[in-house]
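Its first residue numbered 110, the sequence shown is counted upward by one per residue in my numbering.
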Amino acid sequence: MVSLLSRYATPFITGLFLVSLVSGIALFFHWGPVGFHGIHEWLSMVLIAPFLLHLWKNWRPMTSYFKRAPMAIALGVSVLACIPFLVPSGSASGEAGGNPISGIVRLLSSAKPAQISAMAGKPEEEVIAMLKQAGFTAAAPDLQLSAIAQQSGKSDRDLVATLSKMKSK
Numbered sequence: 110m111v112s113l114l115s116r117y118a119t120p121f122i123t124g125l126f127l128v129s130l131v132s133g134i135a136l137f138f139h140w141g142p143v144g145f146h147g148i149h150e151w152l153s154m155v156l157i158a159p160f161l162l163h164l165w166k167n168w169r170p171m172t173s174y175f176k177r178a179p180m181a182i183a184l185g186v187s188v189l190a191c192i193p194f195l196v197p198s199g200s201a202s203g204e205a206g207g208n209p210i211s212g213i214v215r216l217l218s219s220a221k222p223a224q225i226s227a228m229a230g231k232p233e234e235e236v237i238a239m240l241k242q243a244g245f246t247a248a249a250p251d252l253q254l255s256a257i258a259q260q261s262g263k264s265d266r267d268l269v270a271t272l273s274k275m276k277s278k
């Protein structure tokens, strides 16, 4: 069994890396089907197993890399390259940047049913009834949608998913 795993560790690293490479490029340029996101995430997680097998199989030669500067430099540069993606970005007005969809979710969550009904071209009572039917039991005209979700034991994400199913007139 050990020889079988050792024999396939490097080929699987190569294959899964190529899948991660292609799906990563497709995601970066917004090409291809929606499935690339799942492919990239899940198969990159699967890549961990053959990588660990490869490390185990080649542990002795690997340790010699850590005795020289190139490995330390490469690892340091790799970690430093991550930092800009982890630091919250801001605008000139001091507001947080980030994913615009998150901003839309925050905006929708702060609205009241009357505002949603105006956007959808439906009576407020119909919006409240639709929310209640979807399990938002606390739906009321005077509450913001985030409060309705919280008091109903649901998340803002559940709320937006429900609103996205609503048909406008």
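By construction, the Cβ of each residue, glycine as well, lies at the ideal position given by its N, Cα and C atoms.
Expected contact under 8 Å - CB spacing of residue i and residue j to nearest Å
i	j	result
residue 280	residue 166	Here the chain comprises residues numbered 110 to 278, so residue 280 is not present and cannot be evaluated.
residue 245	residue 261	4 Å
residue 217	residue 272	6 Å
residue 159	residue 122	5 Å
residue 214	residue 269	5 Å
Check whether residue i and residue j have beta carbons under 8 Å apart
i	j	result
residue 128	residue 148	yes
residue 221	residue 253	yes
residue 235	residue 250	no
residue 162	residue 118	yes
residue 219	residue 187	no
residue 146	residue 136	yes
Coil, strand or helix - residue i by DSSP
i	result
residue 116	helix
residue 265	helix
residue 146	helix
residue 275	coil
residue 125	helix
residue 231	coil
residue 131	helix
residue 250	coil
residue 187	helix
residue 153	helix
residue 111	helix
Cβ-based neighbour list, residue i, same chain, cut-off 7 Å, excluding 5 preceding and 5 following
i	result
residue 247	257, 260 and 261
residue 241	248
residue 243	271
Proximal residues to residue i (C-beta, below 6 Å), its chain only, five neighbours per side dropped
i	result
residue 152	125 and 128
residue 193	none
Same chain, Cβ closer than 8 Å to residue i, five either side skipped, listed in chain order
i	result
residue 172	none
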